[in-house]
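In our numbering, the protein residues as written are 1 to 374.
Beta carbons are placed, not taken as given, at the ideal position from N, Cα and C, and that holds for glycine.
Just so we're clear, the structure is a prediction, and the values are computed from it rather than from any experiment.
What follows is a short report on a single structure.
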Amino acid sequence: MRRVSSTAVLLAGLACLVSCSSGPHPTGGDHADGGKADGGKSATAPSSPAEPSKAAAGDPAATITIAFAGDVHFEGRTESRLNVKAPEQALGPISKTLAAADLSVLNLETAITERGAPEPKTYTFRTPARSLKVLQDSGVDIVSLANNHAVDFGPAGLADTLAAKAASPIPVVGFGKNAEEAFAAHVADVKGVKVAVLGASQVVDLTNQKWRAGADKPGIASALEADTLVKAVQKAKTQAPVVIVYLHWGEEGVACPTGAQTTLAKRLAAAGASAVVGTHAHTMLGAGMLGDTYVAYGFGNFLWYGTSSYANSNETGVTTLTLTGAGKVTGEVFTPAQVNSQGIPAPETGAVATASLKRRDGLRGCTGLAPAPK
């Protein structure tokens, strides 16, 4: 059921928030600012109150797969993907890789609205609420909105995005009507294994300064509030043996993690995360093991609206992890792809794919991470 009455209250309440400066809405160019309910993959359920005494137990004999991809939106050359005749092909053939996993997660880098004034920033992105159904049809189970474009269209856009989240056919994490909701994990039942997924943004920018969720303030979950995020992960660990943290982090155009990234990864690993992954840099970063925790410092662009001056910004792919029911990562498979001239992640094959896999392995050199099990 669509929550019409609560949405109306939300729109009225948010009307008193600060207004936004207007500006152009670009449709291309560089970006310089710094399971399925009806698809049969997995059933999902809202988070339940935490049991603070101990971590949730899991079955070490059980096996699940979780797939991850990077930044997605429907702007410029990718806007037409909302209208493809076969919705399951909105992301192109690589949708099959996402759908094949027991659970799949990516970053939806946009406000979900068709109104509002753009924020005073160089690049602003928005998409209609039906994009969430398109993503579901394309094999996506959960999206994170904890990023620097989730509130690109001010109070009106924020209200619409909250309404879209409430009516979404797939769970949305990292964004909410207050900090409690924004930091809350979504707990999914994946083949009998509880999996908690959280989202947060570490990017220091206008969105994180102005639209950070607070006690009585809507917005994104901010990883700059590291203590709050650590506590959220600890709570999630009492709800599910498998805990996934999807972050927006890193420095744009830089293929090595920052000190802020490595520090946060260590804290979240210590808090019980099975995997700490993320995106934002518009280029891929290395991935591997930090003790028992899988860390991926950057997935890169995935479905992307325009070209970029950053080196290797078209390199992308899907990372699929195999985990036990107790949260232990036992395997990693990377499906390499290239963002093509239509903005679609086109899977690679043969010698080209082999070369991409080798280059990706080399990205781990500056991360301090150990190779992930294959």
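| Asked | Found |
| --- | --- |
| Coarse secondary structure for R360, derived from DSSP in three states | helix |
| Nearest-angstrom Cα separation, counted from A188 out to K237 | 13 Å |
| Residue burial classification, T263 (beta-carbon count within 10 angstroms, cutoff 16) | exposed |
| Rounded C-alpha distance that separates G174 from S341 | 30 Å |
| A346 versus T316, Y294, A164, G253, residue with shortest Cα-Cα distance | T316 |
| G384 in three-state terms, based on DSSP | Only positions 1 to 374 of the chain appear in the structure, and residue 384 is not among them; the question remains open. |
| Coarse secondary structure for G343, derived from DSSP in three states | coil |
| Ordered list of beta strand (DSSP E) runs contained in the stretch 265-308, each at least 3 residues | 275-279, 287-290, 293-296, 301-303 |
| Where the alpha helix (DSSP H) through D160 begins and ends | 154-167 |
| Three CB pairs or more closer than 8 Å across the stretch 160-172 and the stretch 132-151 | yes |
| Where R115 falls: helix, strand or coil (DSSP) | coil |
| The stretch 71-79 touching the stretch 303-312, judged by at least three CB pairs closer than 8 Å | yes |
| T379 burial status per 10 Å Cβ neighbour count (16 or more: buried) | With the chain covering only 1 through 374, there is no way to say anything about residue 379. |
| Among Q202, E180, V195, V203, the one whose alpha carbon lies nearest that of A215 | E180 |
| Beta-carbon separation (whole angstroms), D152 vs N301, contact threshold 8 Å | Not quite, the Cβ-Cβ distance comes to about 17 Å (not below 8 Å), so this is no contact. |
| S80, DSSP secondary structure in three states | helix |
| For S117, the nearest candidate out of A167, W249, D59, A156 (CA to CA) | Correcting the residue type first, residue 117 is Ala in the shown sequence and not Ser. With distances taken between Cα atoms, A117 lies closest to A156. |
| Cβ pair A196, Q136 closer than 8 Å | no |
| Proximity of A270 and V329 at Cβ, strictly below 8 Å | no |
| N107: first and last residue of the uninterrupted beta strand (DSSP E) it sits in | 103-108 |
| Beta-carbon separation (whole angstroms), V243 vs S274, contact threshold 8 Å | 5 Å |
| Proximity to T293 [Cα-Cα], best of F183, P241, E252 | P241 |
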